[in-house]
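The next block holds one structure in the form of structure tokens; read it before the comments.
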Amino acid sequence: MNTQHQSSFLLIGALLVFIVLTEAVAQYCIRRCKEEQKMHLFILGVFFYAFVCLGLYIMYDFRQMGSVNLLWSCMSIITIMIIGTVFFHEQLNIYDLIGMILVFTGLVLIFIKGH
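Following the numbering used here, the numbering of the sequence shown begins with 207 at its first residue and continues without gaps.
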């Protein structure tokens, strides 16, 4: 892997992590708003989603829209399911776990052989 390709790969990874974590914070705020009926949490969630859009906008310079959305969706599914389980005590059944494993496997394949 040459230096330019390596730095591009690291930037894509950093942007992807930024997008996923920012969306996770947004989802957390919106979910808390639903429980606590505090509108400022909803507004905060929308604010964080604006940063998700910014991250996507930048990432389109490096990858195709389909690839970006696939990577983001896969990582987001796993992250949001973990947040739901840890912070909101949502239960995962065997099908949820199998689905997460399949999503993770797909994510690995995309990173290894994707374009």
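The C-beta atom is built at its ideal place from N, Cα and C for all residues, glycine as well.
Go ahead and pull the three-state DSSP assignment for residue i.
i	result
GLN270	coil
HIS246	helix
GLU229	helix
GLU296	coil
Taking its Cβ as the centre, do 16 or more other Cβ atoms sit within 10 Å of residue i, making it buried, or is it exposed?
i	result
PHE254	buried
MET265	buried
THR291	exposed
LEU315	exposed
CYS280	buried
GLU241	exposed
VAL258	buried
THR209	exposed
LEU222	buried
GLY219	exposed
Quick one: what's got a C-beta closer than 8 Å to residue i's C-beta in the same chain, skipping five residues either side?
i	result
LEU247	CYS235, ILE236, ARG238, CYS239
Within a Cβ cutoff of 6 Å, which residues of the same chain sit near residue i, ignoring the five residues on either side of it in sequence?
i	result
TRP278	ILE225
What residues in its chain sit with their C-beta under 7 Å from that of residue i, if we drop five residues either side in the sequence?
i	result
GLY312	CYS280
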